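Worksheet: the structure to be examined is printed underneath.
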Amino acid sequence: MKQCPSALARDNWFLHEIDPSVGEHLASCPTCKAMTAEQKQVQADFRSSQMMALIARVEQSSRKKVPSPFKGWRLLWFAVPVLTGALVLAAPIEWKTSRSSQVDVPGKVASGYVGAKGSPQLDVVIRRNGKVFSLNDSNSVFAQDQLAFVPRGLPEAYRFFSLGTLSAGVYVSLYPGGLEETLLPLPERNEALPGSITLDDSPGEERLFVTFTKRPLSAGWVAKLSRITTTAELRFVNFDKEEAIAGWIVLVKK
Amino acid sequence: MDEDSLTAAYERYMPAVYARCQRILRDRSSALDATQEVFVRVVRHRSELRAGPEFLHWLYRVATNVCLNIIRGRRQDAHASLQFSLPSKSGADPTSARDVLDLLRGLDERTQSVAIYVHVDGMTHKEAADVLQVTDRTVRNCLARFVSRCRDDLANQASENNMIKVKP
Chain A
645 MKQCPSALAR DNWFLHEIDP SVGEHLASCP TCKAMTAEQK QVQADFRSSQ
695 MMALIARVEQ SSRKKVPSPF KGWRLLWFAV PVLTGALVLA APIEWKTSRS
745 SQVDVPGKVA SGYVGAKGSP QLDVVIRRNG KVFSLNDSNS VFAQDQLAFV
795 PRGLPEAYRF FSLGTLSAGV YVSLYPGGLE ETLLPLPERN EALPGSITLD
845 DSPGEERLFV TFTKRPLSAG WVAKLSRITT TAELRFVNFD KEEAIAGWIV
895 LVKK
Chain B
5 MDEDSLTAAY ERYMPAVYAR CQRILRDRSS ALDATQEVFV RVVRHRSELR
55 AGPEFLHWLY RVATNVCLNI IRGRRQDAHA SLQFSLPSKS GADPTSARDV
105 LDLLRGLDER TQSVAIYVHV DGMTHKEAAD VLQVTDRTVR NCLARFVSRC
155 RDDLANQASE NNMIKVKP
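Respectively, the protein sequence lines represent chains A and B. Note that my numbering has the first sequence beginning at 645, numbered continuously upward. Note that my numbering has the second sequence beginning at 5, numbered continuously upward.
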């Protein structure tokens, strides 16, 4: 092949190995080599940081498109203000109910995400046996599940994040890798945090501590904060002259 | 495409689709939205789809339409400015950027798609025809329309510049 192959021919070669002359050209042409390296880097970055969250979004969007069993029903125009009024009345009741049922001891609440309605929230995306889905309150987790995290609705100023787990009084920093490092910057809106964790085979609950701060504080600071935090929802806290949003995620492992 | 094939399709094709959307849209966030939309359509049509080269053609077609929709949406925003690279004959020239809003404005959807296949993806006329499931002649006609449109734009731009120059 004398002429450089198109993007389609390149993709066809890498995905289906059609036309070996494309492969030979890519191996010998410096322009194509550079372009291929760039594309592979884009794909690798996507695979490591975005793909799991995006598959979850696709699955979620697809489920929304499923026809409603009430298809064909139509709301009468006068029902709209009535329903709106009912929702406004119901909202504080729902809020009170959810607040009063919260347990301030980590380990008692199994929740797929941290945060009350309208407040900062961290979605947990799970990859299990090749399938990817968002965790909700009715899901359990299993050993070898791969977990990624998507922060949502955080105030503009809160750009840093860390996640650690408590095991018999010992903190293991998961984001970032070592206790000496500072917290990671948050990714763009609705994107997953880089990297993921794989749950081990040991039985019992998985307890993950999360915190968001305005400044890049050390993971050691996060570990101290986790010792005094007992809530299973994300809350604004003032600790050691720093403002933060912090809480526990407790996952029931089967 | 059953559940397992769908999972395999995510793994195999999604990064390639994302990279292509990013190449067209030149914006990570829009490329993610476009990729999501493409795969929502995959899920919706999965009973008719099988992995393979034909599926890749289908993905290219859908991704192009989705990206063009995003571009049209941006066009409605007066402040939108979207640029993409037109590759040279050698296949890679990231330096020569054109404003896609101006270049594709007023053209029919098929011509817009052909312009992207040939000038962004570097496809041959035959490849573009295969992906679009039209004849080579249709592709040539679309490209002729696209080139004619570019010439008109250039002529208009030149005359506008002259008018500005003669003004005191």
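In this text, a Cβ means the ideal position worked out from N, Cα and C, and glycines have one as well. None of the values given here were measured: they were computed from a predicted structure.
Chain B contact residues for residue i, given Cβ-Cβ distances below 8 Å
i, result
"A/Val-706", "Here residue 706 of chain A turns out to be Ser, not Val, going by the sequence shown. By Cβ distance, chain B contributes Val-44, Val-47, Arg-48."
"A/Leu-659", "Arg-16, Tyr-17, Ala-20, Leu-60"
Minimum Cβ-Cβ distance from residue i to chain A less than 9 Å
i, result
"B/Met-5", "no"
"B/Thr-139", "no"
"B/Ala-133", "no"
"B/Thr-11", "yes"
"B/Arg-153", "no"
"B/Val-143", "no"
"B/Asp-8", "yes"
"B/Leu-90", "Any reading at B/Leu-90 is ruled out, since the residue's pLDDT is 39, under 50, leaving its predicted position unreliable."
9 Å Cβ cutoff met for residue i and residue j
i, j, result
"A/Glu-849", "A/Leu-791", "no"
"B/Ala-13", "B/Ala-55", "yes"
"B/Leu-107", "B/Cys-146", "no"
"A/Lys-897", "A/Val-776", "no"
"A/Phe-651", "B/Asp-125", "Checking the displayed sequence, the identity of residue 651 of chain A turns out to be Ala instead of Phe. It is a contact, given that the beta carbons lie within the stated cut-off."
"A/Arg-899", "A/Met-696", "The displayed coordinates of chain A run from 645 to 898. Any statement about residue 899 of chain A would go beyond what the structure contains."
"A/Val-702", "B/Gln-40", "yes"
"B/Ile-75", "B/Leu-136", "no"
"A/Ala-700", "A/Val-854", "no"
"A/Glu-886", "A/Thr-842", "no"
"B/Thr-128", "B/Arg-149", "no"
Partners in chain B for residue i, counting only beta-carbon separations shorter than 7 Å
i, result
"A/Val-702", "Gln-40, Phe-43, Val-44, Val-47"
"A/Asp-655", "Ala-20, Leu-60"
"A/Ile-662", "Pro-57"
Same chain only: Cβ atoms within 6 Å of residue i, ignoring 5 sequence neighbours per side
i, result
"B/Ala-132", "Val-118, Tyr-121, Val-122, Val-143"
"A/Ala-653", "Val-666"
Proximal chain A residues relative to residue i, where beta-carbon distance stays under 7 Å
i, result
"B/Thr-128", "Ser-650"
"B/Asp-125", "Ser-650, Ala-651, Leu-652"
Interface flag, residue i vs chain B, CB-CB below 9 Å
i, result
"A/Phe-786", "no"
"A/Ile-699", "yes"
"A/Lys-897", "no"
Same chain, Cβ closer than 7 Å to residue i, neighbours up to 5 away in sequence not counted
i, result
"B/Ala-67", "Val-21, Arg-24, Cys-25, Ala-38, Val-42"
"B/Phe-59", "Leu-53"
Heavy atom of the ligand MG within 8 Å of residue i beta-carbon
i, result
"A/Ile-872", "Looking at this structure, you won't find the ligand MG or any other ligand, since it has none at all."
Between the stretch 50–66 of chain B and chain A, which residues of the former have a C-beta closer than 7 Å to a C-beta of the latter? The stretch 50–66 of chain B vs chain A, Cβ under 7 Å: Gly-56, Pro-57, Leu-60, Tyr-64.
Anything in the stretch 17–41 of chain B with a Cβ closer than 8 Å to a Cβ of chain A? List those residues in chain order, please. So the list reads Tyr-17, Met-18, Pro-19, Ala-20, Tyr-22, Ala-23, Arg-24, Gln-26, Arg-27, Arg-32, Ser-33, Leu-36, Thr-39, Gln-40, given in the order they occur along the chain.
Compile a chain-ordered list of the residues in the stretch 684–696 of chain A whose CB is closer than 7 Å to at least one CB of chain B. Near chain B, meaning a CB-to-CB distance below 7 Å, the residues of the stretch 684–696 of chain A are Val-686, Gln-687, Phe-690, Arg-691, Gln-694, Met-695.
Using a Cβ cut-off of 8 Å, which residues of the stretch 770–781 of chain A contact any Cβ in chain B, in chain order? Gly-774, Lys-775, Val-776
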